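Quick mapping for you: the protein sequence lines, in order, are chains A and B.
Take the first sequence: its letter number 162 is residue 162 in the numbering used here, and every next letter is one higher.
Take the second sequence: its letter number 69 is residue 69 in the numbering used here, and every next letter is one higher.
Where a beta carbon is used, it is the ideal one built from N, C-alpha and C, also for glycine.
Fair warning: this is a prediction, and the values are worked out from it, not measured in the lab.
What follows is a set of notes on a single structure, which appears directly below.
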Amino acid sequence: MDIFTQQLINGLVLGSIYALVALGYTMVYGILELINFAHGEVTMFGAMICLAVISAIASSGTDANGLLIVSLGLLAAIAVCVMLGFLIERVAYRPLRRAPRLAALITAIGMSIVLQNTAMLIWGKQYITFPPLLPLVRYDIGGAVITNLQIFIILLSCLLMAGLLVLIRKTRLGRAMRATAQAQDIAGLMGINVNTIISITFVIGAALAAVAGVMVSAYYGLAHYFMGFMLGLKAFTAAVLGGIGNIAGAMLGGLLLGLIESFGAGYIGTLTGGFLGSHYQDVFAFFVLILVLVIRPSGLLGERVVERA
Amino acid sequence: MTLLSNQWNAWRHDRRVVWVSYIALGILLVLLPFLTGETLGRGWVRILDFTLLYIMLALGLNIVVGYAGLLDLGYIAFYAVGAYAYALLASPHFGLHLPFWALLPIGAGIAGIFGILLGAPTLRLRGDYLAIVTLGFGEIIRIFLNNLNAPVNITNGPQGINLIDPVAFGNFSFSETHTLFGVTFPGIYTYYYLFLILALLVIFVSLRLQNSRIGRAWVAIREDEVAAEAMGINTRNIKLLAFAMGASFAGISGGLFAGFQGFISPESFNLFESIIVLCMIVLGGMGNIGGVILGAVLLTIFPEALRYIGDLQSYIFGRILVDAADLRMLIFGLALVLIMIFRPAGLLPSVRRRHEFGSDASILAQEQASLYDTRR
């Protein structure tokens, strides 16, 4: 039972991070029908910027509160990623908005490579460790351990996701975003500035990605210029699992993927009698994804696309 | 201007001119390894060999993505299957040493079966859902290759398989140096000619497929699946055929890769490779064989040529500012973005696409033209 609870906690933490990143993919896809491959790299930049700021402050010898330093790092990461998200859309995607979709996909891949290598040039190839600024408190729940960091990650991502849902469902801006996603041209006729809305979408996605990046690096204690690739891939998988373009779907998909991964990794050994080990964790995630899509080709919450006549 | 282009067109369609240029191209291709070997060094002949391998690989993916319009992001998995089929059947790992003429069809066949295995459950998926499933499939294959060394050692895990038999016909091994009419052919040169012949074969098959009944069915499915089905095309079988055909092309290239390298490991078959092959065909011009070849050549040669950035830097600045290897991929990524922004349909778009994205009065432009331009 304690293993079950432990995997549940791990899965929830992992899942909420995936969900935050997946939101960026799904929002952009919802409006532009573009897989923003560079989104994982934005997450990586968030982690890297935060770490750079944190270690700069920490090494300056202040006796400031650890939490304050990390918050400053987080804010810096959000600021930089927001600019990055805005620039990526402006430079790489806007000129291709009317071009074939595969062309935009290739620029997205190109952007991803550019960002990855820029990060490598700035911060080097080695792993960067997260300085132990946050006091770690462990709580015992029925034989399983949960840390204050884990609780914080889950709570913050829930808060952010709830905020996003309110933003999209209740505000004028949200309505404009939904309208743009439905029909860009008509939205334009209704007086919505489509370009601004698209920029805002990228900016919101990038801000969420920055938070997720900081969370990942704080959770694992590491950051690396290549970390965005697999994280982005998993997050995109989560978005597709939930039904791409659907905000709630991305959240559900992210959480599910996190849970599947952690339970899969925890139990696959016993299930197969030791034949397959926990290094098949990734296989498990992709396998479930394929299974879900074969049964429900439009994802869990995605609307069935009507065949065009 | 019109006069000039008319003259050019007349000249271009002149039979003699066509023949002369083909013959010149043929001579160039035959002499190419010697020319590069003398001027740029043996290392570049190896790169030429890889270019030919990538041409075969890209033409295989072109069937799936370019002709049939099925976005496949896990294509490298079939390359891996072909390579591992070759490696397991012709290396000391299992002690098997099958002859080459048997290995290549086996590799193609197994890869083709994997293609159908991937295609069958994903028939209902379209667009990006298909892309992500194929991506997952590619990763699954790679992870299995990485981990199938325990409890039964099948793939030798991350260490990969070593000492794979070189490609050989009877006693004629392609990896050894041969002398013919007083001319010495090192291993990489003979491989070049083998790959050249096979690449020409693949190009020929692609050309014939393009204008065949099957090729037209693929294009019909790409353009409109419902309409294609209404016209009596068995979309299920035709799509499966595209997957199987593309996969077997990759299987053949994979087998050649294994024999050529003598060593393979799961690392060679990661997602990035799939993406690069996809970039080749999109960059060159999807669905157009010439474009795909151009894309494959550019994307194989260009990253290698960027190795000279180090020399260029020390020439201009007197010292090396940034390590060339680090800068290489950055420039590569920038090039991808720039080419796509300025030539969204690829460098050499196929005739059909050129019409679609043509400058004036194209049907697609009319369809997609917005009521007002949202660009600004």
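Q.
Could you pull the DSSP bridge partners for R138 of chain A from this structure?
A. Among the bridge pairs identified by DSSP, R138 of chain A is matched with A:T147.
Q: Check whether the Cβ atoms of G254 of chain A and A238 of chain A lie closer than 8 Å to each other.
A: With contacts defined as CB atoms closer than 8 Å, G254 of chain A and A238 of chain A qualify as a contacting pair.
Q. Would I55 of chain B pass as a contact of A85 of chain B if the rule is Cβ separation under 8 Å?
A. Their beta carbons are not under 8 Å apart, which means I55 of chain B does not touch A85 of chain B by this criterion.
Q.
Just to confirm the assignment: which complete alpha helix (DSSP H) runs, minimum length 4, are found wholly within the stretch 251–298 of chain B?
A. Entirely contained in the stretch 251–298 of chain B, the alpha helix (DSSP H) runs reaching 4 residues are, in chain order, 271–284.
Q. Taking Cβ positions, are G255 of chain B and S350 of chain B nearer each other than 8 Å?
A. Cβ distance not < 8 Å, so G255 of chain B and S350 of chain B don't count as in contact.
Q: Answer with yes or no whether the minimum CB distance from E139 of chain B to chain A is below 8 Å.
A: Flagged as an interface residue toward chain A: E139 of chain B, by a C-beta distance shorter than 8 Å.
(Q) Against chain B, with Cβ distances strictly below 8 Å, would A210 of chain A count as a contact? (A) No - not a single Cβ of chain B is within 8 Å of the one on A210 of chain A.
Q. To which residues of the same chain is V133 of chain B closer than 7 Å at the C-beta, ignoring the five residues directly before and after it?
A. Once the five neighbours on either side are set aside, the close Cβ partners of V133 of chain B are T122, L125.
Q. Do we get a CB-CB distance below 8 Å when we pair L334 of chain B with the residues of chain A?
A. Judged by the 8 Å Cβ criterion, L334 of chain B is in contact with chain A.
Q.
Report the start-end ranges of each beta strand (DSSP E) in the stretch 146–229 of chain B that is 3 residues or longer and not cut off at the edges.
A. List check, beta strand (DSSP E) in window: 178–180, 183–185.
Q. Closest Cβ-Cβ distance between M231 of chain B and chain A: below 8 Å?
A. No, M231 of chain B does not count as interfacial toward chain A.
**Q.** Inter-residue spacing [alpha-carbon to alpha-carbon] between M231 of chain B and D224 of chain B
**A.** Those two C-alpha atoms are separated by around 11 Å.
Q: Determine the DSSP secondary structure at S262 of chain A, reduced to helix, strand or coil.
A: S262 of chain A carries a helical assignment under DSSP once its states are collapsed to helix, strand and coil.
Q | Under 8 Å between C-beta atoms of S265 of chain B and G333 of chain B | A | Remark: C-beta atoms of S265 of chain B and G333 of chain B do not approach each other more closely than 8 Å.
Q: Spatial neighbours of T5 of chain A within its chain, please: CB distance less than 7 Å, with the 5 preceding and 5 following residues excluded, ordered by chain position.
A: Around T5 of chain A: I141, G142, G143, A144.
Q) Excluding sequence positions up to five away, which residues of its chain have a Cβ less than 7 Å from the Cβ of T235 of chain B? A) Excluding positions up to five away in sequence, the list reads I221, E225, A228, E229.
**Q.** Cβ-Cβ separation, L87 of chain A to G136 of chain B (assumed contact under 8 Å), whole Å
**A.** For a cut-off of 8 Å, the C-beta gap from G136 of chain B to L87 of chain A is around 30 Å, too long to register as a contact.
Q | Three-way DSSP call (helix, strand, coil) for T26 of chain A in this model | A | Helix, per DSSP.
Q: Count the CB pairs spanning the stretch 201–217 of chain A and the stretch 153–168 of chain A that are closer than 8 Å, and state whether there are at least three.
A: Two segments are said to touch when three or more pairs of C-beta atoms, one from each, lie closer than 8 Å; by this definition the stretch 201–217 of chain A touches the stretch 153–168 of chain A.
Q.
I need the DSSP call for A309 of chain A, collapsed to helix, strand or coil.
A. Caution is warranted here: a pLDDT of 37 is assigned to A309 of chain A, below 50, making its placement in the model unreliable, and the coordinate value is therefore given only provisionally. Three-state result, A309 of chain A: coil.
Q | Pick from B:L194, B:L198, B:V152, B:I238 that is closest to S212 of chain B, judged by C-alpha positions | A | When only C-alpha atoms are compared, the closest one is B:I238.
Q: Helix, strand or coil for V18 of chain B, going by three-state DSSP, please let me know.
A: In the structure shown, V18 of chain B sits in a helix (DSSP, three-state: H, G or I).
Q: Could you tell me the boundaries of the alpha helix (DSSP H) in which G107 of chain B lies?
A: For G107 of chain B, the enclosing alpha helix (DSSP H) begins and ends at 100–119.
Q.
According to DSSP, simplified to helix, strand and coil, what is T129 of chain A?
A. In the structure shown, T129 of chain A sits in a strand (DSSP, three-state: E or B).
(Q) Within a Cβ cutoff of 7 Å, which residues of the same chain sit near A68 of chain B, ignoring the five residues on either side of it in sequence? (A) Here the set comprises W218, I221, R222, K239, A242.
Q) When the distance is taken between beta carbons, is G299 of chain A closer than 8 Å to G258 of chain A? A) No. Outside cutoff.
Q) What residues in its chain sit with their C-beta under 7 Å from that of L231 of chain A, if we drop five residues either side in the sequence? A) For L231 of chain A, same chain residues with a beta-carbon under 7 Å away, outside a window of 5 residues either side, are V21, G40, T43, V216 in chain order.
Q. By the 10 Å Cβ neighbour count, where 16 or more other Cβ atoms means buried, how is S21 of chain B classified, buried or exposed?
A. With fewer than 16 other Cβ atoms inside 10 Å of its own Cβ, S21 of chain B counts as exposed.
Q: Could you tell me whether the stretch 186–206 of chain A touches the stretch 107–119 of chain A, where touching means 3 or more Cβ pairs closer than 8 Å?
A: At 8 Å Cβ cutoff, the stretches do not touch.
Q. Mind checking if R307 of chain B is an interface residue toward chain A, Cβ cutoff 8 Å exclusive?
A. R307 of chain B does not count as touching chain A.
Q: Measuring alpha carbon to alpha carbon, tell me which of B:V81, B:F144, B:L31 ends up nearest S253 of chain B.
A: For S253 of chain B, the closest of B:V81, B:F144, B:L31 by C-alpha to C-alpha distance is B:V81.
Q | Outcome for R169 of chain A when other beta-carbon atoms lying within 10 angstroms are tallied against a minimum of 16 | A | In this structure R169 of chain A is exposed. Its beta-carbon is surrounded by fewer than 16 other beta-carbon atoms within 10 angstroms.
Q: Sort out for me which residues DSSP pairs L222 of chain A with in a bridge.
A: Paired residue(s): A:T129.
Q. The stretch 223–252 of chain A: which residues have C-beta closer than 7 Å to a C-beta of chain B, in chain order?
A. Taking 7 Å as the upper bound on Cβ-Cβ separation, chain B lies near residues F236, T237, V240, I244 of the stretch 223–252 of chain A.
(Q) Strictly below 8 Å CB to CB, what residues from chain B border M111 of chain A? (A) Taking a Cβ-Cβ cut-off of 8 Å, the neighbours of M111 of chain A in chain B comprise G333, V337, given in sequence order.
**Q.** Nearest-angstrom Cα separation, counted from L291 of chain A out to L163 of chain B
**A.** When rounded, the distance between both Cα atoms is 38 Å.
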